[in-house]
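Below is one structure, written out as structure tokens; the observations come after it.
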Amino acid sequence: MNNPRPCYLQIAIDTPLNAVFDYRWQCDPAERPQVGQLALVSFARREVVGLIVGVVDETDVPVEKLKDALAVRTQLAPLSAQWLALAGFAADYYQRPLGEVALPGLPKNLRVLTTVALDRALKKLAKLETPHDPTPSNMPVLNPQQQLAADAIGGAQGFKPTLLYGVTGSGKTEVYLQACAQVLAREPDGQILILVPEINLTPQLEGNIRARFPGVMLATLHSSLSEGERMLHWLAAHQGKARIVLGTRLAILSSLPHLKLIVIDEEHDPSYKQQEGLRYSARDLAVWRAWQLQIPIVLGSATPSLESWHHAQSGRYRKLELRERAVQNAVLPTVKLIDMERDKPNDGLTSHLVAAIRQRLERGEQSLLFLNRRGYAPVICCESCGWISECTRCTSFMVLHRPEHRLRCHHCSLELRIPRHCPTCGNIDIQPLGRGTQRVEEGLQALFPDARILRIDADSTRKKGSAQEAFDTVHRGEVDILVGTQMVAKGHDFKRLTLVGIMNPDTALFSQDYRASERLFAQLMQVSGRAGRAGIPSEVLIQTRYPQHPLYGAVVHHDYDHFASALLEEREQAALPPYLFQALLRAEARELATAIEFLTMARDCMQHPGITINDPIPMTMTRVHNVDRAQLLVESPSRPALQAFLKEWMLTLREMKSRVKWSLEVDPLDI
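Listed below in structure tokens is the structure:
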């Protein structure tokens, strides 16, 4: 009989402390804990779940200082060495402790103190019949370009990053599905990970996948799932039962022991970058994960990110092109510019756009008006004294939401009643300034009283399932005019939509963000691509005061190639990404001077040959929720040099005594 003897578990815990912690455990040789298992431990006067990253027979920590681990979760198969390596890489690259990366990447119900939810989910999963028939059903015939792309992706062996560059409506989804069919047929237990940028794109793609592969288990992972659902789907992937996993950016950290192909749809989308906590890029981690496992990865887009385009131009990525729309006789919409200096808008709509909408109503076709600004009006003001509805907690304006009779700050969520008179001079004639989707909807109802008008934005789709319900209404043809924000701009296949009107895009032309033109072009191309997908001639009307701007010229000609080449040339001359690598140190404090002082100390605390550290400056949105914010940009032409510097710099910063809350973002998207 084997007697248990002490061993030591090295455990990663979700804490800002950059260390793993040793705990004592009575090891039965027959049931020695394994790396990748979860353990319940006592940490800083509370009990937490941590991740075992090492099991050793000796420790450097004095025995009297060690605590016993309370339990090891043996009912769950250990996380694989590859998954631990992924978490380790993300922690290393984004300069965060391992526990802050690995633990939040797991479902919440795995990290609670009891195993009730885990045991229940395991029991439920064991009862589920696992289908194992990868035979696809209703496979449409592809056009030659699609077939070439599907065979190239489906037949790829080893690490093959592929940029699938296809115009909107060129059938990229069908290419993904047929490539998946080849992988599933070839790999008896192979798993496929498909990422989409936004939650509201998952139901449509989920329906397509289920219809195509009825004999395969599909798991979905996104933040709209309940904790119970997320746990069940995560476990199905972890046990290898789910052959296809579809999700948003958080799915990149899911456990997939037999992963054989990764698909990133709309790879250019900024939503793949996490904007709080661990600020990782799911797209970049996916490329690393594919390299680690030596499997193919495909990045699809009609407007690829400049980083991916640069990799394709330099030969690092293979480029596959889809230049035609997939539906027979479907052509790209005609794009026209409406000069707002000549055709003065009334209630935000030019006479040209109004006439085009009326024409569609007479023909029984659908129109989409795109305005990336929710609410009724961006601000209300007093013409008498110049008062403007500013937020008292942020350096931003309170947006008028007329249906709710509220002013709302979109940054700190402060809500106020609409004042009856000007708070400064008492003038009762205070007016909305500018337009949001609510005001456009109201104007359309007055112009076209008999039309069926639907608004889709973050305000109208707050309830769970309401977004999908709204999109279904459009697909059924029960809507004549759709008004929406970026929620409607991508991924949706509206069969009867023949007119897209784009309102107020000019503001992005003069942004201080060097990525603004890239994003605006992508947005305009994506929303334009909603029109004419079923073969009916269609048009896109862009209302602008700057019709001569070269960006609009590129949109009119659907010319991403030349636009991207010109932008890359500008970036190279200005020494900006992708020709330069960046990190951004942010600081928050009650007073701006305190944040700037901390960043100044951070700038001066270390020698940095080959690294450029810019002066600290206030952030564009300086104050949010009564907290002042500043930033410090660090740059280098060498990624390894920047990483080596950040590693040392972070050690120094962690030792600095300060009340300032600070965070580091590697490869920032918003500066």
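Numbering-wise, my numbering puts 593 at position 407 of the sequence shown, and it's gapless, one number per residue. All residues carry an ideal CB built from backbone N, CA and C; glycine is no exception.
- Within the DSSP secondary-structure output, E774 pairs in a beta bridge with R815, K847.
- The stretch 311-330 makes contact with the stretch 418-427, as at least three CB pairs between them are under 8 Å.
- Three or more Cβ pairs closer than 8 Å define a contact, and the stretch 521-528 falls short of that threshold against the stretch 641-654.
- In the pairwise beta carbon analysis, the stretch 242-257 is classified as not touching the stretch 422-441: fewer than three pairs are separated by under 8 Å.
- Every beta strand (DSSP E) stretch that sits fully inside the stretch 308-359 and reaches 3 residues is listed by chain position as 347-352.
- The beta strand (DSSP E) runs of length 3 or more contained entirely in the stretch 521-560 are, from start to end of the chain, 552-556.
- Close CB contacts of T671 within its chain, under the 8 Å cut and outside five residues either way in sequence, are with F556, L557, N558, R559, R560, T623, I642, D643, A644 (chain order).
- Shown here, T434 sits in coil according to DSSP, grouped into three states, outside any helix or strand.
- Residue D319 holds the alpha-carbon nearest to the alpha-carbon of L370 among D319, E415, L381, M417.
- According to DSSP, residue pairing for E821 in a beta bridge involves Q768, T798.
- For T659, the closest alpha carbon among the candidates R638, P854, L296, M673 is that of R638.
- Straight-line measurement puts the Cα of S487 at about 18 Å from the Cα of N329.
- Per DSSP, reduced to three states, the secondary structure at C366 is helical.
- A direct Cα-to-Cα measurement between G612 and I395 gives close to 60 Å.
- A direct Cα-to-Cα measurement between L387 and L754 gives close to 30 Å.
- The C-beta distance from P804 to R789 rounds to 15 Å, too long to meet the 8 Å contact threshold.
- Annotation for R416: the continuous alpha helix (DSSP H) segment containing it runs 413-424.
- Residue F680 holds the alpha-carbon nearest to the alpha-carbon of V713 among G796, F680, R231, R429.
- Distance from L284 to A225 at the Cβ level is roughly 15 Å; contact not present, criterion being Cβ atoms closer than 8 Å.
- Per DSSP, the continuous alpha helix (DSSP H) segment holding F657 begins and ends at 652-661.
- Counting only residues of its own chain and dropping the five nearest sequence neighbours on each side, F634 has a CB closer than 8 Å to the CB of I543, R544, L547, D666, I667.
- For R776, the number of other beta carbons within 10 angstroms of its own is below 16, and it is reported as exposed.
- Counting only runs that start and end inside the stretch 436-463, the beta strand (DSSP E) elements of at least 3 residues fall at 445-450.
- V235 is a Cβ neighbour of L299, given a cutoff of 9 Å.
- Setting aside the 5 residues that flank it on each side, L445 is surrounded in the same chain by Q377, L379, L479, I481, each with a C-beta closer than 7 Å to its C-beta; the list follows chain order.
- The three-state secondary structure of P826, taken from DSSP, is helix.
- Pairing I430 with L381 gives a Cβ-Cβ distance that is not under 9 Å.
- Across the structure, L630 and D533 are spaced so that their CA atoms are roughly 9 Å apart.
- Put simply, the backbone Cα of G715 is about 7 Å away from that of L518.
- Taking 9 Å as the cut-off, the beta carbon of P400 is found closer than this to the beta carbon of P317.
- Here H744 carries a coil assignment [DSSP, helix/strand/coil].
- Counted as a single uninterrupted DSSP element, the alpha helix (DSSP H) harbouring D470 occupies residues 468-479.
- Each of Q425, P293, L350 was checked against the Cα of H408, and the nearest Cα belongs to P293.
- Linking A720 to V742 through their CA atoms gives a straight-line distance of about 20 Å.
- The shortest CA-to-CA distance from M836 to any of R282, A216, F275 is the one to R282.
- The count of Cβ pairs closer than 8 Å, one atom from the stretch 572-583 and one from the stretch 684-695, stays below three, leaving the stretches out of contact.
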